[in-house]
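A.B. asks: Take the sequence shown: its position 248, counted from the start at 1, is 231 in the numbering used here, and no numbers get skipped.
The C-beta atom is built at its ideal place from N, Cα and C for all residues, glycine as well.
Computed from a predicted structure; not experimentally measured.
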Amino acid sequence: MPISRPSNQNKFRFGDLKIMPGDFLDSKLLDAELQLALRVADAADAVSLAGFTSRRFSVMRKADKSEVTEIDRATETAITNILRAERPDHSVFGEEHGIVGPADAKFQWVIDPIDGTSNFVRGVPVWASLIALVHDNVPVLGVVSAPAMRMRWWAHSAGDAFFNGDKIRVSDVAELRGASLSITVNKYWHDVDPDGLLEKLQRSVSRVRGYGDFWQHMLVAQGAVDVAIDSIGLAPYDIAALVPIVLQAGGICTDRLGVADWRANSLVTSNSLLH
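#1: I'd like to check one pair, Ile82 with Thr58: are the Cβ atoms closer than 9 Å?
#2: Do Ala232 and Glu78 count as a contact pair if the criterion is CB distance below 9 Å?
#3: Exposed or buried, which one is Val173 when buried takes at least 16 other CB atoms within 10 Å?
#4: Quick one: which unbroken alpha helix (DSSP H) runs of 4-plus residues sit fully inside the region 158 to 224? Chain order, please.
#5: Note down, in chain order, each residue of its chain lying with its Cβ closer than 6 Å to the Cβ of Asn102, except the 5 sequence neighbours on either side.
#6: Hey, would you say Asp95 sits closer than 9 Å to Ala224, going by beta carbons?
#7: What whole-angstrom Cβ distance do Ser41 and Glu50 have, given they're in contact under 8 Å?
#8: Quick one: residues in its chain with C-beta nearer than 7 Å to the C-beta of Gly84, no 5 flanking neighbours on either side, listed in chain order?
#9: Which of the three DSSP states is assigned to Glu69 in this structure?
#10: Out of Ile222, Leu180 and Gly148, which one is the CA nearest neighbour of Val117?
#11: Apply the 10 Å Cβ neighbour rule to Pro4 and answer buried if 16 or more other Cβ atoms are within range, or exposed otherwise.
#12: Would a C-beta distance cut-off of 9 Å place Ala138 and Ala144 closer than the cut-off?
Below you can see the structure in the form of structure tokens.
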């Protein structure tokens, strides 16, 4: 189902219903699913951090030329095994192993076992497991766990957003000239921006950094960055877990065209005052 552009009141419009998913999903249900997701994140951390610390892995190339290690696959397997055991009526969609479970499931877990594999293989600690729960094509819960940084973010659509146990909120910067921007650049940047709008944007803000991957969007949720842009190259498992966290922190999530669709290949997050 296509998701239309959200307003600045942190409300998506799903079809003709101007409500958030938390308005029709019981908060107790979401609390229980969040506790499961946090346990799953603990299990994922145990596998991924051990591999990162030991440096005992090989690096392979997938069909799209992106890097993958056996740690990515082992981490996804650990996540999937728990979810399938605990929620057999849910399906799981992971980056490495695809879809597992009932095809008609109303709840689907969307998993990126290691977001930032290129950092992982180079010993850079900026990587995380992304765990999302999607209900009727809407991300309603997200956990982002970055064990090498000792950082974890989480939220569900009937509650607040948290970072390491503390409630978080986006910034109140309302003008680009005072804004902090984080942007991810790749070789396809100019294919989607032939007019140089991204370069113009960088000249319009106060500060530009490249925190990259999940981290820049979590910094938006924390209020440390005001706008973050991944202009191309993403997949649903890169985005789904980030959406509830940014939204419940008071922010906004769209693709580069301003459409709120977590299945797009780009992601723009902000404090909801700047886009």
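C.D. replies: With the given structure in hand:
#1: No; because the gap between Cβ atoms is not below 9 Å, this pair is not in contact.
#2: Going by C-beta atoms, Glu78 is not nearer than 9 Å to Ala232.
#3: The sequence as given places His at residue 173; Val does not occur at that position. His173 is exposed by the Cβ-count criterion.
#4: Secondary structure within the region 158 to 224: the alpha helix (DSSP H) runs of 4 or more consecutive residues, fully enclosed, are 172 to 175, 180 to 187, 196 to 205 and 219 to 222 (chain order).
#5: Counting only Cβ-Cβ distances below 6 Å, and skipping sequence neighbours, we find Val109 and Trp110.
#6: Less than 9 Å divides the Cβ of Asp95 from the Cβ of Ala224.
#7: The Cβ separation is near 11 Å, so there is no contact.
#8: Arg67, His73, Ser74 and Val75, listed in sequence order.
#9: DSSP places Glu69 in helix when its eight states are reduced to three.
#10: The shortest Cα separation from Val117 among Ile222, Leu180 and Gly148 belongs to Ile222.
#11: A caution first: Pro4 carries a pLDDT of 48, below 50, which makes its placement in the model too unreliable to give a value.
#12: The answer is yes: Cβ separation under 9 Å.
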